[in-house]
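Working notes, structure below.
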């Protein structure tokens, strides 16, 4: 019987594998997709994410980020990071760095789909193979979560993400969040000549239709060359009744996700990976459930509060002017989410 199978080779899965290998566990990673994968995400790593990645020996190339700026029409408010620099990093660059670290550590990476996951008191059988533990880090739409009956009730109001890159020299070192009715636009510098633009919305429509709501942003992008296709993700909100089923532990988005509104996905994933492996090494998988609640409490509270309030257009319209009048409150909220956990 082998020690650990990690299902999913994204940031959560590879961080779990790196932590496991560090403790001496024999670890195998299965991923249904081969090679380096691009995904729709904001690509802005907060200072907490940079610290978390450094803990697993990963330091991806990118563009330094100095803070967050909210904009609505001609109104704007910004908050510099207090706990160090963030970094704009293309998803493919991050995935390459994590895979390279795993390969250098001797972790087995296999292109394989996990179809049948059966935990019992002594271990987990996955497609006929036996493992002492399984970390399921298979993303927002986790088949392991669903197969083990851990999926929570779906939410009625669904939000989706769309992302495109532009060949354009960044005009700021801040992540810019532009607000309009029913949609936000996140601008993240990722290299010296590429800017990422991610849109989050609950409204149906094409990327360019949503972008049309942001006059100043359209002006910035005028003449810029789009790079690649528009990628999509969602529904974003995912619930899990528990993160643990016997010796199977759900890590990252597989264990539940609120929204990309505050940009903490990678930091949360790596922190959860560390906690999951600590619980496995301690032979106490339920410890991970307790630690998960502690790790994610700040993120869940602030993200859900902001998401709930901004469902209403009067609140959305008032958000940036209010933050502009209360810059200290805005800065405290930004830095609470950005700092290392």
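In the working numbering, the protein residues as written are 718 to 1058. Just so you know, even glycine gets a beta-carbon here, dropped at the ideal spot from N, CA and C.
When 1000, 974 and 1008 are compared against residue 990, the one with the closest alpha-carbon: As a working mapping, residue 990 is identified with position 273 in the chain shown. Ranking 1000, 974 and 1008 by CA distance to the CA of residue 990 puts 1008 first.
Excluding the 5 residues preceding and the 5 following residue 949 in the sequence, name in chain order all residues of the same chain whose CB lies nearer than 7 Å to its CB. Within the chain shown, residue 949 is the residue found at index 232, counting from 1. Here the set comprises 757, 877, 878 and 879.
Starting from residue 786, trace the beta strand (DSSP E) both ways and give me its first and last residue. On the chain shown, residue 786 is found 69 positions in, with the first residue counted as 1. From DSSP, the beta strand (DSSP E) with residue 786 extends over 784-789.
What three-state label does DSSP hand residue 825 in the structure shown? Your numbering for residue 825 matches position 108 in the chain shown. The answer is strand: DSSP assigns residue 825 an E or B state.
Under 8 Å Cβ to Cβ from residue 696, same chain only, skipping five residues before and after it: list those, please. In the structure as shown, the chain begins at 718 and stops at 1058. Residue 696 is therefore absent and cannot be evaluated.
Who are the Cβ neighbours of residue 818 in its own chain at under 7 Å, not counting the five residues just before and after it? Here residue 818 refers to the residue found at position 101 when the chain shown is read from its first residue. Hits under 7 Å: 735, 773, 774 and 775.
Figure out for me which residue from 919, 981, 1013 and 732 has the closest Cα to the Cα of residue 759. Against the chain shown, residue 759 aligns to sequence position 42. That would be 981, whose Cα lies nearest to the Cα of residue 759.
Quick check: the Cα distance between residue 792 and residue 893, rounded to an integer number of angstroms? To locate residue 792, count along the chain shown from 1; it is residue 75. To locate residue 893, count along the chain shown from 1; it is residue 176. Their Cα atoms are separated by approximately 12 Å.
If residue 962 sits next to residue 836, beta carbons under 8 Å apart, how far is it from one beta carbon to the other, in whole angstroms? Taking the first residue of the chain shown as position 1, residue 962 is located at position 245. Taking the first residue of the chain shown as position 1, residue 836 is located at position 119. About 6 Å separates the beta carbon of residue 962 from that of residue 836, a gap short enough to meet the 8 Å contact definition.
Could you check whether residue 918 and residue 825 sit closer than 7 Å to each other, using their CB atoms as the reference points? Translated into the one-based positions of the chain shown, residue 825 becomes position 108. Translated into the one-based positions of the chain shown, residue 918 becomes position 201. Contact flag unset, no.
Report yes or no: do three or more beta-carbon pairs, one from the region 802-816 and one from the region 905-920, lie closer than 8 Å? In short, these stretches touch, since the Cβ pair count reaches three.
Going by DSSP in three states, residue 980 sits in which element: helix, strand or coil? One-based indexing of the chain shown puts residue 980 at position 263. Looking at residue 980 - three-state DSSP - the assignment turns out to be coil, as it is neither helix nor strand.
Is it right to say residue 920 is buried, meaning 16 or more other beta carbons lie within 10 angstroms of its own, or is it exposed? Reading the chain shown from its first residue, position 203 is the one you call residue 920. Answer is exposed; the Cβ neighbour count stays below 16.
For residue 976, count neighbouring C-beta atoms within 10 Å of its own C-beta (all shown protein chains included) and say buried if the count is 16 or more, exposed if not. The residue you call residue 976 lines up with position 259 of the chain shown. Flag for residue 976 reads buried.
Quick check on DSSP: helix, strand or coil for residue 941? The residue you call residue 941 lines up with position 224 of the chain shown. In the three-state DSSP reduction, residue 941 falls in the coil class, being neither helix nor strand.
Starting from the Cα of residue 751, find the closest Cα among 780, 801, 827 and 782 and give me that residue. In the chain shown, residue 751 corresponds to position 34, counting from 1. Nearest of 780, 801, 827 and 782 to residue 751, Cα basis: 827.
For residue 925, which of helix, strand or coil comes out of DSSP? Here the question's residue 925 lines up with position 208 in the chain shown. Residue state for residue 925 is assigned as helix, using DSSP reduced to three classes.
Please give the ranges of any beta strand (DSSP E) in the region 803-889, keeping only runs that are unbroken, at least 3 residues long and fully inside the region. Fully contained in the region 803-889 are the following beta strand (DSSP E) runs of length 3 or more, in chain order: 803-805, 825-828, 834-836, 841-843, 846-853 and 877-884.
So, at 6 Å on beta carbons, what are the nonlocal neighbours of residue 790 in its own chain, with the 5 sequence-adjacent residues on each side left out? Numbered from its first residue, the chain shown carries residue 790 at position 73. The answer is none, since no qualifying residue turns up.
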